[in-house]
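This report refers to the structure that appears directly beneath it.
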Amino acid sequence: MSHIESILHENRSFHPHPEFQASANVAGPEHHQSLLEQAAADHTGFWAELARQHIDWHKPFTQVLDESQAPFYRWFYDGELNVSVNCIDRHLAQHANRTALIFEADDGTVNRVTYQQLHDQVSQLGNALRRQGVRKGDRVIIYMPMSVEAVVAMQACARIGAIHSVVFGGFSAKSLGERIADAQACLVITADAGFRGGKTIALKPVVDEALNMPATDCVRHVVVYQRARHPVNMVENRDIWWQDFIAGMPSVCEPEWMNAEDPLFILYTSGSTGTPKGVQHSSGGYLLGAIMSMHWVFDAKPASDVFWCTADVGWITGHSYVAYGPLALGMTEVIFEGIPTWPDAGRFWRMIQDHKVTTFYTAPTAIRSLIKLGADLPRQYDLSSLRLLGTVGEPINPEAWVWFHEEVGHSRCPIVDTWWQTETGSHMIAPVPGALHTKPGSCTRPLPGIHADVVDEQGNSLPHGEGGYLVIRRPFPSQLRTLWNNPERFRATYFPAELGGTTYLAGDSAHRDQEGYFWIMGRIDDVLNVSGHRLGTMEIESALVSHPAVAEAAVVGKPHDVKGEAIVAFVVLKGPRPEGEEAARLSAELRNWVGQEIGAIAKPDEIRFGDNLPKTRSGKIMRRLLRTLAKGGEIDQDVSTLENPAILQQLSVAG
Ligand code: WTA
0 MSHIESILHE NRSFHPHPEF QASANVAGPE HHQSLLEQAA ADHTGFWAEL
50 ARQHIDWHKP FTQVLDESQA PFYRWFYDGE LNVSVNCIDR HLAQHANRTA
100 LIFEADDGTV NRVTYQQLHD QVSQLGNALR RQGVRKGDRV IIYMPMSVEA
150 VVAMQACARI GAIHSVVFGG FSAKSLGERI ADAQACLVIT ADAGFRGGKT
200 IALKPVVDEA LNMPATDCVR HVVVYQRARH PVNMVENRDI WWQDFIAGMP
250 SVCEPEWMNA EDPLFILYTS GSTGTPKGVQ HSSGGYLLGA IMSMHWVFDA
300 KPASDVFWCT ADVGWITGHS YVAYGPLALG MTEVIFEGIP TWPDAGRFWR
350 MIQDHKVTTF YTAPTAIRSL IKLGADLPRQ YDLSSLRLLG TVGEPINPEA
400 WVWFHEEVGH SRCPIVDTWW QTETGSHMIA PVPGALHTKP GSCTRPLPGI
450 HADVVDEQGN SLPHGEGGYL VIRRPFPSQL RTLWNNPERF RATYFPAELG
500 GTTYLAGDSA HRDQEGYFWI MGRIDDVLNV SGHRLGTMEI ESALVSHPAV
550 AEAAVVGKPH DVKGEAIVAF VVLKGPRPEG EEAARLSAEL RNWVGQEIGA
600 IAKPDEIRFG DNLPKTRSGK IMRRLLRTLA KGGEIDQDVS TLENPAILQQ
650 LSVAG
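The structure is reproduced here in structure tokens:
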């Protein structure tokens with residue numbers, strides 16, 4: 000690891016604009032430094048104080064952190080709360096009529112929901128779920144398009160203590176079925192269909208197919224929100240329309256009081272091997288992470304901000320910064336159904352103008368695609384409402400950073416490049432924008448109370464300038480508690496014995512510059528980052544190999560201008576290697592196959608057929624070589640350990 004070298008030399012740095020700094024929640028380096036010092040002096044006391052200040056507890060906690068079962072940490076573990084009460088009810092006395100959600104649909108239709116209305120809708124659905132027999136601790140799958148109802152569904156589960164697991168609406172029946180079976184869910188909430196870029200995306204038929212898979216008979220009911228008047232087949236005694244489900248339900252719903260450690264949700268994410276991992280989050284610690292990052296990183300001003308995070312609720316970003324964080328602070332936020340490039344590449348900029356968005360949080364891949372489609376388009380819109388910009392999902396290349404800063408932020412708005420993960424629940428390394436200067440491509444420094452470090456294989460801290468494993472040394476409230484049904488995998492993946500068993504291994508490599516700023520260099524495992532979404536190469540390979548014609552497959556990433564990484568699959572067929580038209584036909588077939596098995600985001604961009612794959616004499620596929628071939632590079636590594644060096648020539652030709 001220590002030979003990982005950074006090729007990026009970025010020396011520009013940007014200081015907070017005085018106007019921004021003057022009103023920032025953390026104003027200036029001294030304030031920031033004092034937070035860091037408080038956290039360093041008394042780690043648990045620091046977090047306990049914030050938890051008391053920022054969360055409404057039904058029963059206040061007296062215990063802060065239990066490390067006795069490390070790495071199974073517990074925070075605030077004799078306290079009781081309800082997350083939905085913290086996100087909704089506590090704002091009603093003062094701000095019942097404040098807009099909570101501004102929903103803009105794919106076709107541009109806008110719908111506003113106040114905190115009072117959100118409360119009533121969440122309560123009605125909560126009551127309906129209870130009447131249907133859903134109890135505290137039961138699992139509910141949410142497979143919905145971006146909508147007010149998706150947020151209502153998540154909040155309703157939180158209200159009655161059911162554990163939700165949102166599955167992104169782009170996942171296939173097979174992926175959905177596996178998640179339903181793993182979570183042993185009793186109920187699925189879905190919609191007939193959703194809209195994306197003018198197209199109708201069917202959802203309910205996918206649920207029907209998923210429920211034909213093994214071990215899914217745990218599901219007793221399917222609630223279907225009618226969004227698109229898309230024809231669906233309703234199964235008697237199992238399926239019910241959302242509108243009928245909530246009819247006549249009271250708009251008051253007694254919250255279930257939850258222990259701080261009771262799970263709030265499970266969210267499946269890709270790992271390097273095997274099936275997706277069910278990342279399990281807590282109620283109290285998770286909520287605290289979402290709240291503090293809204294306050295520190297997004298500099299949230301609930302009374303005046305219009306917050307817009309463009310993520311889908313199917314990802315962690317849509318959990319922490321759509322469904323929970325902004326609501327917990329009583330913010331007004333925009334929710335968006337659709338894609339940034341439809342009806343044209345001005346969609347984001349027009350929405351910022353129309354809704355007077357102050358805080359805009361999106362993915363580098365979206366920024367890159369919008370630069371390509373219209374670098375000067377933002378100039379046609381009034382973006383003067385903006386005061387803060389943010390990015391997440393992958394490192395942002397300095398060129399895109401500077402464009403975002405100048406063309407969208409008019410050199411006035413700080414950019415917060417936020418490093419975090421599904422597993423960390425909330426931002427870990429990110430600028431506190433009124434206090435820190437930023438550098439394009441760096442996520443800057445760990446937040447107060449987050450002890451991030453860069454280490455070697457033995458866990459020794461590396462000096463600034465050297466690349467190594469990114470770790471977090473001390474437990475923090477918003478971290479995952481375990482993997483659903485798989486505590487051993489949790490321990491082995493995130494708290495490996497080599498690092499002492501209590502240090503969190505993020506799975507990314509990083510280095511620090513002389514100022515202690517962190518620069519993320521990429522994943523250390525076989526996980527691709529395609530358009531800001533994590534995909535396990537293993538999952539794509541298994542999908543390919545499950546096709547009757549395929550004998551063997553290896554998947555690697557190659558750099559891609561817009562998506563970050565593109566997927567290249569090297570495939571060996573059971574029959575002879577196809578050529579010409581036959582190869583093209585099979586490529587198309589295999590791409591669709593992967594689309595069906597996993598979802599469209601996992602479709603390989605390129606498929607190369609070979610008679611074999613490059614392997615060591617012990618039979619291990621040499622992925623390093625495949626990565627070089629995928630990029631179109633020359634192999635200059637030593638190939639003497641290779642069983643079949645001749646194969647490299649054949650695989651070097653793009654199909
Ligand atoms: C990558 C998304 C560089 C990283 C919240 C991480 C980033 C993975 C950044 C988590 C960033 C996320 N700079 N890399 N600002 N943000 N990543 O679980 O590799 O979907 O481990 O969570 O995305 O992806 P996940």
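Residue 0 is where the sequence shown starts when you use numbering that gives the first Met the number 0, and the numbers rise one by one after that.
For every residue, glycine included, the Cβ atom is placed at its ideal position computed from N, Cα and C.
Buried/exposed call for residue i, threshold 16 Cβ in 10 Å
i             : result
alanine 434   : buried
valine 305    : buried
arginine 616  : exposed
aspartate 560 : exposed
serine 477    : buried
glycine 464   : exposed
threonine 108 : exposed
threonine 390 : buried
glutamate 588 : exposed
aspartate 119 : buried
aspartate 525 : buried
arginine 237  : exposed
histidine 14  : exposed
CB-CB length for residue i against residue j, believed under 8 Å
i                : j              : result
arginine 472     : aspartate 455  : The pair is not a contact, with the Cβ atoms about 14 Å apart (cut-off 8 Å).
alanine 127      : methionine 248 : 5 Å
alanine 565      : isoleucine 539 : With a Cβ gap of about 12 Å, alanine 565 and isoleucine 539 do not count as contacting.
valine 544       : alanine 553    : Actually they do not touch by this definition, with Cβ atoms about 10 Å apart.
proline 363      : glutamate 405  : 16 Å between Cβ atoms; not a contact.
phenylalanine 19 : proline 413    : 6 Å
glycine 169      : glycine 598    : 5 Å
glutamate 336    : glycine 193    : 7 Å
alanine 184      : isoleucine 140 : 5 Å
alanine 689      : cysteine 156   : Since the displayed the chain opens at 0 and closes at 654, residue 689 lies outside it and no answer follows.
tyrosine 267     : arginine 134   : Going by Cβ atoms, the distance from tyrosine 267 to arginine 134 rounds to 22 Å, so no, they are not a contact pair.
aspartate 416    : alanine 399    : Rounded, the Cβ-Cβ distance is 11 Å, inconsistent with contact.
isoleucine 351   : leucine 382    : 6 Å
glycine 521      : serine 530     : 15 Å between Cβ atoms; not a contact.
Straight-line gap, residue i to residue j (C-alpha atoms, nearest Å)
i                 : j                 : result
alanine 302       : leucine 376       : 30 Å
arginine 622      : glycine 632       : 14 Å
glutamine 37      : tryptophan 483    : 34 Å
alanine 182       : arginine 138      : 7 Å
asparagine 10     : isoleucine 366    : 22 Å
cysteine 217      : isoleucine 162    : 15 Å
valine 112        : glutamate 260     : 30 Å
alanine 299       : leucine 387       : 10 Å
proline 644       : proline 575       : 19 Å
glycine 317       : alanine 310       : 5 Å
phenylalanine 489 : serine 271        : 13 Å
leucine 175       : serine 164        : 11 Å
glutamate 29      : glutamate 605     : 51 Å
lysine 276        : arginine 533      : 12 Å
tryptophan 56     : phenylalanine 75  : 10 Å
alanine 21        : aspartate 105     : 37 Å
lysine 602        : tyrosine 114      : 40 Å
histidine 436     : valine 25         : 13 Å
leucine 461       : alanine 39        : 20 Å
asparagine 258    : alanine 50        : 14 Å
glutamine 649     : proline 213       : 40 Å
tryptophan 418    : arginine 444      : 10 Å
glycine 424       : serine 282        : 11 Å
valine 431        : lysine 198        : 39 Å
cysteine 442      : phenylalanine 517 : 6 Å
serine 1          : lysine 438        : Any reading at serine 1 must be qualified, since the residue scores a pLDDT of 37, below 50, and its modelled position is unreliable; the value itself is stated next. When rounded, the distance between both Cα atoms is 23 Å.
glutamine 123     : valine 84         : 14 Å
Residue i vs residue j beta-carbon contact at 7 Å
i              : j              : result
asparagine 611 : valine 638     : no
alanine 190    : methionine 143 : yes
glutamate 255  : glycine 160    : yes
isoleucine 523 : glycine 506    : yes
valine 151     : valine 121     : yes
proline 613    : isoleucine 646 : yes
glycine 563    : asparagine 591 : no
histidine 294  : isoleucine 101 : no
glycine 499    : glycine 458    : yes
Closer than 7 Å to chain B by CB, residue i
i           : result
glycine 448 : Included in the structure is just one protein chain, with no chain B present.
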